[in-house]
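Remarks on the structure that follows.
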Amino acid sequence: MGARHGHCWLSQKDKFRLRKLLRISYLEHKTNEFVRNKAESLVGPQEPLLATMKRRKLKWFGHVTRHNSLCQTIMQGTVEGGRRRGRQRKSWVDNVKEWTNMNMSELLVQAADRTAWRRTLASSAPGSPQRRQQSRET
């Protein structure tokens with residue numbers, strides 16, 4: 034899935050659905066770029082998919098590492114057993130290490146402190162805009 038001008042490529046079905054929602058017929062001969070711009074003007078700019086995935090993955094990593102659970106045990110690789118032969122696949126934690134430029138011990142220390150982890154999260158996923166803080170009073 035490639036990106037051009039900050040937009041993700043849409044599948045044919047998605048393009049069709051977007052045109053249907055906006056009531057733009059193919060007979061009007063409007064370009065896909067026009068359709069995307071019109072949707073963005075109505076809905077507002079959207080966060081790129083990769084940035085969303087990065088942000089959510091990092092957020093979940095911090096959540097899981099603060100708890101003593103089976104997920105934490107599996108994620109840290111402390112489960113018994115061997116790995117397959119050949120070149121090893123990139124693991125889930127390898128992505129987190131790459132995005133944060135930290136080793137596992139640094140990650141665990143950072144994730145234990147929620148405010149420090151949020152700062153790390155903000156600096157590691159620069160493509161994702163800051164979410165508006167919902168007031169907890171309502």
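Residue numbers for the sequence shown follow the working numbering, beginning at 34 and rising by one. Every residue gets a Cβ at the ideal spot worked out from N, C-alpha and C, and that includes glycine. All values reported here derive from a predicted model rather than from experimental measurement.
Rounded straight-line distance, which links the Cα of residue j to that of residue i
{"i": "arginine 176", "j": "histidine 62", "result": "Since the first residue of the chain shown is 34 and the last is 171, residue 176 is not available in this structure."}
{"i": "glycine 35", "j": "glutamate 139", "result": "Any reading at glycine 35 needs caution, since the residue's pLDDT is 45, under 50, leaving its predicted position unreliable; the model's value is listed next. If you take the alpha carbons of glycine 35 and glutamate 139, they lie about 32 angstroms apart."}
{"i": "alanine 149", "j": "glycine 95", "result": "10 angstroms"}
{"i": "methionine 172", "j": "glutamine 79", "result": "Past the boundaries of the shown model lies residue 172; the chain is included only from 34 to 171, so the question cannot be answered."}
{"i": "arginine 122", "j": "arginine 147", "result": "30 angstroms"}
{"i": "threonine 133", "j": "leucine 82", "result": "19 angstroms"}
{"i": "tryptophan 125", "j": "serine 44", "result": "27 angstroms"}
{"i": "arginine 165", "j": "arginine 118", "result": "Low confidence applies here, because arginine 165 scores a pLDDT of 44, under 50, leaving its location unreliable; read the following figure in that light. Their backbone Cα atoms lie some 46 angstroms apart in a straight line."}
{"i": "arginine 120", "j": "asparagine 101", "result": "31 angstroms"}
{"i": "asparagine 128", "j": "threonine 106", "result": "17 angstroms"}
{"i": "lysine 53", "j": "serine 74", "result": "16 angstroms"}
{"i": "lysine 130", "j": "serine 157", "result": "10 angstroms"}
Exposed unless 16 or more other CB atoms sit within 10 angstroms - verdict on residue i
{"i": "glycine 115", "result": "exposed"}
{"i": "lysine 87", "result": "buried"}
{"i": "valine 76", "result": "exposed"}
Beta-carbon proximity of residue i to residue j, cut-off 7 angstroms
{"i": "leucine 51", "j": "alanine 72", "result": "yes"}
{"i": "alanine 144", "j": "threonine 85", "result": "no"}
{"i": "asparagine 65", "j": "lysine 48", "result": "yes"}
Cβ separation of residue i and residue j, assumed to be a contact under 8 angstroms, to the nearest whole Å
{"i": "leucine 91", "j": "leucine 154", "result": "5 angstroms"}
Residue i CB to nearest heavy atom of the ligand GDP below 6 angstroms
{"i": "arginine 50", "result": "Of the ligands one can find in the structure shown there are none, so the ligand GDP has no counterpart to examine."}
Short CB-CB distance (under 7 angstroms) between residue i and chain D
{"i": "phenylalanine 94", "result": "Checking the listed chains, one finds no chain D in this structure; it contains a single protein chain."}
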